[in-house]
Amino acid sequence: GAPPTTSPDAGAIDVCGLVTPADAAASLGGALTATKPDKSQGTCEYDVGDASLQITAVIGGGTTVFDLLHSGATSPQAVTGLGDRGFTTTDPANAIIVQKGDNLVGIGMSLTAAGGVADDPAHDGPILRSLETKALGRVG
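What follows is the structure in C-alpha cells.
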C-alpha cells in the first residue's frame with residue numbers, strides 16, 4: 593500500500609497550538625473567520641477573509657516526509673538557521689518546510705483569487721519564517 597502521509601504520532605500533537613490563533617490573525621492581518629484543525633492528518637488551517645494559513649506537522653518520520661516534499665517542490669530555496677534543514681517554495685502556495693530532528697513542520701500561506709491578487713513571496717517569506725520559528729520552538 594501507499595505510505596501514510598503523516599506519522600502515526602501526528603494526532604499526539606495539537607497542530608493548531610504550534611501556530612496559535614493569535615499568531616495566525618496577526619500574520620494574516622485580521623480577525624480569524626475560520627479555524628480548521630484535522631488531528632488525523634496532522635494539519636491546521638486558519639482563514640482570514642481571502643487569506644489562509646496551513647500548518648502541517650509530522651512527529652517522527654520527518655526525514656522521509658521532508659525528502660518527499662523537497663524532491664517534489666518547484667524551485668525549492670534552502671533555508672538556513674532554522675531546525676536541521678529546510679526550504680521554501682512558491683508553488684502551489686508560498687510555504688516553508690523545516691525538519692528538526694525527526695520532526696517536520698510545514699507552513700503555507702495563500703490568498704484565494706479574489707480580484708486576481710497574486711501571492712507575494714517577498715511579503716509572505718518573513719512572516720512564514722517568523723511563524724516557523726515559533727512553531728519549531730513549540731514542537732520541542
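Residue numbers for the sequence shown follow this note's numbering, beginning at 593 and rising by one.
Using N, Cα and C, we set each Cβ at its ideal position, and we do this for glycine too.
- The shortest C-alpha to C-alpha distance from V650 to any of I689, V671, T625 is the one to I689.
- When the Cα atoms are used, D606 and K726 turn out to be separated by approximately 14 Å.
- By the C-beta density criterion, A623 is exposed, having fewer than 16 other C-beta atoms within 10 angstroms.
- Between T656 and D642, the alpha-carbon positions lie close to 33 Å from each other.
- If you draw a straight line from the Cα of E724 to the Cα of S632, it comes to about 21 Å.
- Apart from sequence neighbours up to five positions away, the residues of its chain that approach L696 with a beta-carbon distance below 6 Å are V650, G654, V657, F658, ordered along the chain.
- In the three-state reduction of the DSSP assignment, T612 falls in the coil class, being assigned neither a helical nor a strand state.
- Per DSSP, the continuous alpha helix (DSSP H) segment holding I719 begins and ends at 713–731.
- Beta-bridge partners assigned by DSSP to K628: E637.
- Spanning the alpha carbons of G729 and A687 requires a straight line of approximately 18 Å.
- Where L703 is concerned, the enclosing beta strand (DSSP E) starts and stops at 695–703.
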